[in-house]
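Numbered according to this note's numbering, the sequence shown spans residues 15 to 270.
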Amino acid sequence: GVEVRTSVAISNVPDAKTAVLAPSTPRNATNAEKAAAQQASYTQEMGVLVWAAGIGARPLVKKMAQSLQQTDLRGLQVDEYLRVKGCSDGSVYAIWDATLSGYAPTAQVAAQQGKYIGRAIRDASSENEEEQVTPFVYHHAGSLCCLGTGNGIAQLTGGNNKIWEAIGASTDDNNNKQAFLTGIPAFALWRSLYWTRLLSTSSRLSLSMDWLRSLSSGRDVIEPVLKRAPTLSFGTPIQRNSTIRKAGAVVANSPK
Numbered sequence: 015g016v017e018v019r020t021s022v023a024i025s026n027v028p029d030a031k032t033a034v035l036a037p038s039t040p041r042n043a044t045n046a047e048k049a050a051a052q053q054a055s056y057t058q059e060m061g062v063l064v065w066a067a068g069i070g071a072r073p074l075v076k077k078m079a080q081s082l083q084q085t086d087l088r089g090l091q092v093d094e095y096l097r098v099k100g101c102s103d104g105s106v107y108a109i110w111d112a113t114l115s116g117y118a119p120t121a122q123v124a125a126q127q128g129k130y131i132g133r134a135i136r137d138a139s140s141e142n143e144e145e146q147v148t149p150f151v152y153h154h155a156g157s158l159c160c161l162g163t164g165n166g167i168a169q170l171t172g173g174n175n176k177i178w179e180a181i182g183a184s185t186d187d188n189n190n191k192q193a194f195l196t197g198i199p200a201f202a203l204w205r206s207l208y209w210t211r212l213l214s215t216s217s218r219l220s221l222s223m224d225w226l227r228s229l230s231s232g233r234d235v236i237e238p239v240l241k242r243a244p245t246l247s248f249g250t251p252i253q254r255n256s257t258i259r260k261a262g263a264v265v266a267n268s269p270k
């Protein structure tokens, strides 16, 4: 079974078999609250520690937030026009994961924000006073995920659902503007969109050759050689996967 513990954080890993857990505290926690959390910490034996880390703000972004007397240093606070708060003339813009705009830090958001700022700068320099800059509104176009060669999943929004149904998509009964694709059609859609988003012809040709080569001869998987004795993880021996072919052996046996 799996035991999920919430509202706790690993504060220390003193050795390879022990972790120190403590109640998690908010970012604005006082010193007294942090000290109380440390006093309530406890040790936990472990076999394998998997650390999944997120992203943080760049040092430049933190310095800018501090200079503008913003309290949350995870990113720059912006208004509905993506203008940095604290700049009186409103001439400084910020987008994507450098901001606390409330949108997910994805390329889809960044692309729309970049186009919005470009139009805002163009309209601000225009002599036509009737042109008014409207607040930024994000339009979600869907989500794509590759699950391996020949398999994928897609959540599609907008458009004509009859087109999606023609290629095997199922629609959401509660929201007729959403459609879902799985399997080969989703994988083909993911690759097509990925290929068209490349900026240069040389990049598209190189990627196409890589896809054709992996389709015909498979992908070369390189496994590092671990110079250690087999260990135990939760009572199960850790051994080399015999199904993975080593690149060195393939090169040594290849004809000259």
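The beta carbon of each residue, even a glycine, is placed where N, CA and C say it ideally should be.
As the structure is a computational prediction, the values presented were derived from the model and not from experiment.
Between which two residues does the beta strand (DSSP E) harbouring residue i extend?
i, result
"Ala23", "Val22 to Asp29"
"Ile167", "Gly166 to Thr171"
"Ala193", "Gln192 to Thr196"
"Pro37", "Thr32 to Pro37"
"Gln58", "Tyr56 to Glu59"
"Cys160", "Gly156 to Cys160"
Whose C-alpha, out of the options, is nearest the C-alpha of residue i?
i, options, result
"Ser157", "Leu207, Gln58, Gly132 and Ala79", "Leu207"
"Phe194", "Phe201, Arg205, Trp204 and Leu170", "Leu170"
"His154", "Ser139, Gln80, Arg233 and Ala121", "Ala121"
"Ala200", "Ile167, Leu212, Met223 and Trp209", "Ile167"
"Arg233", "Thr163, Thr57, Ser220 and Ala138", "Thr163"
"Ala202", "Cys159, Thr20, Thr215 and Ala30", "Cys159"
"Ala30", "Ala71, Ile69, Glu47 and Thr57", "Thr57"
"Ala33", "Glu47, Lys129 and Val64", "Val64"
Here's the rule I'm using: 16 or more other beta-carbon atoms within 10 Å means buried, otherwise exposed. How should residue i be labelled?
i, result
"Ser230", "exposed"
"Trp225", "exposed"
"Ala67", "exposed"
"Pro28", "exposed"
"Leu161", "exposed"
"Gln127", "buried"
"Asp111", "buried"
"Ala79", "buried"
"Gln53", "exposed"
Round the Cβ separation of residue i and residue j to the nearest angstrom and send it over; I've been treating them as touching at under 8 Å.
i, j, result
"Ser55", "Leu74", "Wrong, their Cβ atoms sit about 34 Å apart, outside the cutoff."
"Tyr95", "Val147", "6 Å"
"Gly89", "Thr113", "5 Å"
"Leu87", "Gly100", "Not really, about 13 Å apart at Cβ, beyond 8 Å."
"Trp209", "Arg218", "6 Å"
"Ala23", "Ser38", "4 Å"
"Leu213", "Leu221", "12 Å between Cβ atoms; not a contact."
By Cβ distance, which residues of its chain are closer than 7 Å to residue i, with the 5 residues on each side in sequence left out?
i, result
"Arg97", "Gly104, Val106 and Tyr107"
"Asp93", "Lys99"
Would you kindly report the start and end of the unbroken alpha helix (DSSP H) that includes residue i?
i, result
"Thr215", "Thr215 to Ser231"
"Glu47", "Asn45 to Gln53"
"Ser115", "Per DSSP, Ser115 belongs to no alpha helix (DSSP H) and is neither H nor E."
"Leu74", "Pro73 to Ser81"
Once the 5 residues before and after residue i are set aside, which same chain residues still bring their CB inside 6 Å of it?
i, result
"Ser247", "Its pLDDT being 47, under 50, Ser247 is placed unreliably by the model, and the measurement read from it follows with that caveat. Closer than 6 Å at Cβ, skipping near neighbours: Gly61 and Val62."
"Ser115", "Val92"
"Ile198", "Gly164"
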